[in-house]
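Just so you know, the sequence shown maps onto residues 291 to 953 in my numbering.
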Amino acid sequence: TQTAQESSNLTAGYGSTGTAGSDSSLIAGYGSTQTSGGDSALTAGYGSTQTAQEGSNLTAGYGSTGTAGSDSSLIAGYGSTQTSGSGSSLTAGYGSTQTAREGSTLTAGYGSTGTAGADSSLIAGYGSTQTAGADSNLTAGYGSTGTAGHESFIIAGYGSTQTAGHKSILTAGYGSTQTARDGSDLIAGYGSTQTASYRSMLTAGYGSTQTAREYSDLVAGYGSTSTAGSNSSLIAGYGSTQTASFKSILTAGYGSTQTAQERSDLVTGYGSTSTAGYASSLIAGYGSTQTAGYESTLTAGYGSTQTAQDSSSLTTGYGSTQTAGYESTLTAGYGSTQTAQERSDLVTGYGSTSTAGYASSLIAGYGSTQTAGYESTLTAGYGSTQTAGYKSTLTAGYGSTQTAEHGSSLTAGYGSTATAGQDSSLIAGYGSSLTSGIRSFLTAGYGSTLIAGLRSVLIAGYGSSLTSGIRSTLTAGYGSNQIASYGSSLIAGHESIQVAGHKSMLIAGKGSSQTAGFRSTLIAGAGSVQLAGDRSRLIAGADSNQTAGDRSKLLAGNNSYLTAGDRSKLTGGHDCTLMAGDQSRLTAGKNSVLTAGARSKLIGSEGSTLSAGEDSTLVFRLWDGKRYRQLVARTGENGVEADIPYYVNDDDDIVNKTDEDDT
Numbered sequence: 291t292q293t294a295q296e297s298s299n300l301t302a303g304y305g306s307t308g309t310a311g312s313d314s315s316l317i318a319g320y321g322s323t324q325t326s327g328g329d330s331a332l333t334a335g336y337g338s339t340q341t342a343q344e345g346s347n348l349t350a351g352y353g354s355t356g357t358a359g360s361d362s363s364l365i366a367g368y369g370s371t372q373t374s375g376s377g378s379s380l381t382a383g384y385g386s387t388q389t390a391r392e393g394s395t396l397t398a399g400y401g402s403t404g405t406a407g408a409d410s411s412l413i414a415g416y417g418s419t420q421t422a423g424a425d426s427n428l429t430a431g432y433g434s435t436g437t438a439g440h441e442s443f444i445i446a447g448y449g450s451t452q453t454a455g456h457k458s459i460l461t462a463g464y465g466s467t468q469t470a471r472d473g474s475d476l477i478a479g480y481g482s483t484q485t486a487s488y489r490s491m492l493t494a495g496y497g498s499t500q501t502a503r504e505y506s507d508l509v510a511g512y513g514s515t516s517t518a519g520s521n522s523s524l525i526a527g528y529g530s531t532q533t534a535s536f537k538s539i540l541t542a543g544y545g546s547t548q549t550a551q552e553r554s555d556l557v558t559g560y561g562s563t564s565t566a567g568y569a570s571s572l573i574a575g576y577g578s579t580q581t582a583g584y585e586s587t588l589t590a591g592y593g594s595t596q597t598a599q600d601s602s603s604l605t606t607g608y609g610s611t612q613t614a615g616y617e618s619t620l621t622a623g624y625g626s627t628q629t630a631q632e633r634s635d636l637v638t639g640y641g642s643t644s645t646a647g648y649a650s651s652l653i654a655g656y657g658s659t660q661t662a663g664y665e666s667t668l669t670a671g672y673g674s675t676q677t678a679g680y681k682s683t684l685t686a687g688y689g690s691t692q693t694a695e696h697g698s699s700l701t702a703g704y705g706s707t708a709t710a711g712q713d714s715s716l717i718a719g720y721g722s723s724l725t726s727g728i729r730s731f732l733t734a735g736y737g738s739t740l741i742a743g744l745r746s747v748l749i750a751g752y753g754s755s756l757t758s759g760i761r762s763t764l765t766a767g768y769g770s771n772q773i774a775s776y777g778s779s780l781i782a783g784h785e786s787i788q789v790a791g792h793k794s795m796l797i798a799g800k801g802s803s804q805t806a807g808f809r810s811t812l813i814a815g816a817g818s819v820q821l822a823g824d825r826s827r828l829i830a831g832a833d834s835n836q837t838a839g840d841r842s843k844l845l846a847g848n849n850s851y852l853t854a855g856d857r858s859k860l861t862g863g864h865d866c867t868l869m870a871g872d873q874s875r876l877t878a879g880k881n882s883v884l885t886a887g888a889r890s891k892l893i894g895s896e897g898s899t900l901s902a903g904e905d906s907t908l909v910f911r912l913w914d915g916k917r918y919r920q921l922v923a924r925t926g927e928n929g930v931e932a933d934i935p936y937y938v939n940d941d942d943d944i945v946n947k948t949d950e951d952d953t
């Protein structure tokens, strides 16, 4: 047993007890007990107990207990217990327990427990437990548990559990659990669980679970689950599940599930499912399912399903299904199905089906089906079917079917069928069938069938059949059949048949047949047949047959046959036969036969035969080699009878053709 005053130096044997004043140096044997004033240095053997004031330096053996004031340095053996004031440095052996005030540095062996004040640094062995105040730095071995105050730095081994105050940095081994306050940085091994407050950064291994508050950044391994507050950034491995608040950025591996609030950015692997708030951007792998709020941008792989709210932009792979709110833009691969609300823009691959609201623009591949609201623009590939509201523009490939409301413009390929409302413009390929409302403009290829409402303009290729309402204009190719209401204008190719209403104008090629209502004008090629109503004007080529109503004017080529109603004027070419109603005027070429009703005037060239009713005038124009001269006869005078055919013989006499035939 030793007792000394200040600045003393003591040395004791085994099991000794030493007491000294401040600034003293004590050395004791095994199992000793030492007590010293401030600024002392103590050294003890195994199982010793040491107590020192501030600024002391203590060294103890195995299983020792050391207690020192502030600013002290303690070194203990295995299984020791150390207690020190603030600002102290402690070193302990295996299985030791250390307690220090603020600003202390602690080092412990395996399985140790360390407790320190604020601003302390702790290092522990495997399986250790550490507790520190704010601004502390902790290092632990495998399977350790670390607890630290604010703004602490913690490092733990495998399977460790760490808890730290805000603004802390935590690093853990495999299978570890970490909990930190606001503004913390956490790194964990495989299969770890991390929980941090907002403004935290978390990194976890495979199969980890991470939970963080707002403004956090999370990185997880395969099969991990991440949950973060708003404005967070999350990165997860394959098969992971992520949940974040709005304004977050999420990245996940294959088969992952992501859920984020408004204004989030999500990237997922194959077969993933993404759900985000409005104004979000989502990118998914093959076979993924994405759901986002309005004003979102979605990109998915093959066979994906995307659902977005208003003002969204969606892009999918082959065989995808997309559903978006109005004012959205959708792009899909082959065989995709797209559904969008008003003012949307859709682009699909082959065999796709597109449905959009009004004022939308749709583009589809081959064999696609498109349905859009009014004021929409649709473009489809071959064999497509398009249905749009009024004021729409439709363009389709070969063999397509188009249906649009009034005011629409349609363009179709070969063999297409187009149906449009009023005020529409339709253009179709060969063999097409077009049906339109009033005030429409139709253009078709060969062999087409056109049906339009009144005031329509129709243009068709060869072999076409046109049917239109009143006041329409029709133009057809060869062999076409046209039917129009009155007031219409028809132009047809060779061998065409035209039927028009009143006040119509018809122009046909050779071999054509024309039928019109009264006040119509008909012009036909050679060999044509024309039939017109009253007050019509007919002009035909050679070998034509014309029939007109009352007060009609007929002009024919050679070898034509003309028939007119009363008060008609007929002019024929050579070898023509003219027949007119009463009070008609007929003019014919050579060798023509003219027949008119009563009170008619007939003018025939040399070799013509004239026959007229009562009170009619027959005029024969003869050429004597120098000039023309006329022979005039009236029925009922000078033996000229009504309804008898007359001609001029070689002696320039008017001869009854019947008597001449008898002789």
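Beta carbons are placed, not taken as given, at the ideal position from N, Cα and C, and that holds for glycine.
Keep in mind it's a predicted model, so treat the numbers as computed, not measured.
- Counting along the chain, N946 sits inside the beta strand (DSSP E) bounded by residues I944 to N946.
- In the three-state DSSP reduction, T837 falls in the strand class (E or B).
- DSSP places F443 in the uninterrupted beta strand (DSSP E) bounded by F443 to I445.
- One thing to note: A390 has its Cβ within 8 Å of the Cβ of S410.
- DSSP places R911 inside the beta strand (DSSP E), whose first and last residues are T907 to W913.
- In this structure S826 is not in contact with A846, their Cβ atoms being roughly 14 Å apart against a cut-off of 8 Å.
- Counting along the chain, V557 sits inside the beta strand (DSSP E) bounded by residues D555 to V557.
- If you ignore the 5 residues before and after A790, its C-beta comes within less than 6 Å of the C-beta of A774, S778, L780, L796 and A806, all in its own chain and listed in chain order.
- Taking the CA atoms as reference points, G897 sits about 25 Å from L828.
- For the pair A622 and S535, the Cα-to-Cα distance works out to about 29 Å.
- Look at G894 here: in three-state DSSP terms it is strand.
- For D635, the uninterrupted beta strand (DSSP E) run begins and ends at D635 to V637, by DSSP.
- The C-beta of T301 has fewer than 16 other C-beta atoms within 10 Å across all chains shown, which makes the residue exposed.
- Residue burial is scored here from C-beta neighbours: R857 has at least 16 other C-beta atoms within 10 angstroms and is therefore classed as buried.
- In the three-state scheme derived from DSSP, where H, G and I count as helix and E and B as strand, A569 is classed as coil.
- Around the beta carbon of N521, 16 or more other beta carbons sit within 10 angstroms, so the residue counts as buried.
- Under DSSP, the beta-bridge partners assigned to S411 are T395 and N427.
- Closest in alpha carbon position to S803, among H792, R809, Y464 and G783, is G783.
- Spanning the alpha carbons of S314 and S402 requires a straight line of approximately 30 Å.
- In this structure, DSSP gives K843 an extended state, which the three-state scheme calls strand.
- By the C-beta density criterion, G926 is exposed, having fewer than 16 other C-beta atoms within 10 angstroms.
- Taking a C-beta distance under 8 Å as the contact criterion, Y576 and Y560 qualify as a contact pair.
- Less than 8 Å separates the beta-carbon of T739 from that of S723.
- Here Q920 is exposed: its Cβ has fewer than 16 other Cβ atoms, across all protein chains shown, within 10 Å.
- Between the beta-carbon of G641 and that of G625 there is about 5 Å, and that keeps the pair under the 8 Å contact cut.
- Between D914 and N881, the alpha-carbon positions lie close to 17 Å from each other.
- Of the residues M869, G823 and K843, the one whose Cα lies closest to the Cα of K859 is K843.
- DSSP places R503 in the coil class of the three-state scheme, outside both helix and strand.
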